[in-house]
Amino acid sequence: MAGRMIHPPACEHPIDSTVFQPYDHRPGQAIYSISREELNITLLDAIASISTVRVEFSHKFEAMDGEGRVTLQGPAGKVVTSPSVVFGADGAFSKVREQLGRMVRLDFQRQYIESGYKELTIPPGPGGGF
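The sequence shown begins at 6 in the working numbering and counts up one residue at a time.
Below, the structure written as structure tokens:
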């Protein structure tokens, strides 16, 4: 997203006007983000069509070793498996990323913000309007 549309106070602008506010003063800069819900749906839809993939809910990632073994904590106890691929979509405090960083040269940056994470969805009104 290159910026956002703001509805200024009616006393300063016509009631139906909008003002574009860029996220950065440098041309070409943008925020690249996606909806967490849409990411989860897309990943689950993609893997549901692959017969060799098994999805396990109610399991917590515990560890990954250099041999490719993954340890999960499930309702019936620990499960150790050797998947050929691991997708880490577990957020900013990713345990998958932490484990990968111990095995390979990994460069990433994490910056904490005071307000925490907020995701807001405002769907369009009838006819696509706001």
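Positions of the beta carbon are idealized from the N, C-alpha and C atoms, including for glycine.
Where do the N-terminal and C-terminal ends of the beta strand (DSSP E) with residue i fall, by residue?
i, result
"residue 46", "No beta strand (DSSP E) holds residue 46; the alpha helix (DSSP H) holding it covers 41-53."
"residue 103", "Unbroken run through residue 103 is the alpha helix (DSSP H), 100-108; no beta strand (DSSP E)."
"residue 74", "No beta strand (DSSP E) holds residue 74; DSSP gives it neither H nor E."
"residue 10", "8-11"
So residue i and residue j are in contact, right, with Cβ under 8 angstroms, and what is the actual spacing, rounded?
i, j, result
"residue 28", "residue 6", "7 angstroms"
"residue 77", "residue 103", "In fact, because the Cβ distance is near 15 angstroms, the residues do not count as touching under 8 angstroms."
"residue 95", "residue 66", "7 angstroms"
"residue 91", "residue 101", "6 angstroms"
In chain order, what residues of the same chain lie with their CB nearer than 8 angstroms to the CB of residue i, ignoring the 5 residues before and after it?
i, result
"residue 63", "79, 80"
"residue 83", "67, 76, 77"
"residue 105", "69, 93, 111"
For the candidate residues the options, whose alpha-carbon lies nearest to that of residue i?
i, options, result
"residue 89", "51, 59, 97", "59"
"residue 109", "85, 84, 127, 73", "73"
"residue 25", "126, 115, 13", "13"
"residue 118", "97, 125, 44", "97"
"residue 93", "33, 45, 23", "45"
In its own chain, which residues sit with a C-beta less than 7 angstroms from the C-beta of residue i, not counting the 5 before and 5 after it?
i, result
"residue 35", "6, 7, 28"
Spatial neighbours of residue i within its chain, please: C-beta separation below 6 angstroms, excluding the five flanking residues on both sides.
i, result
"residue 49", "none"
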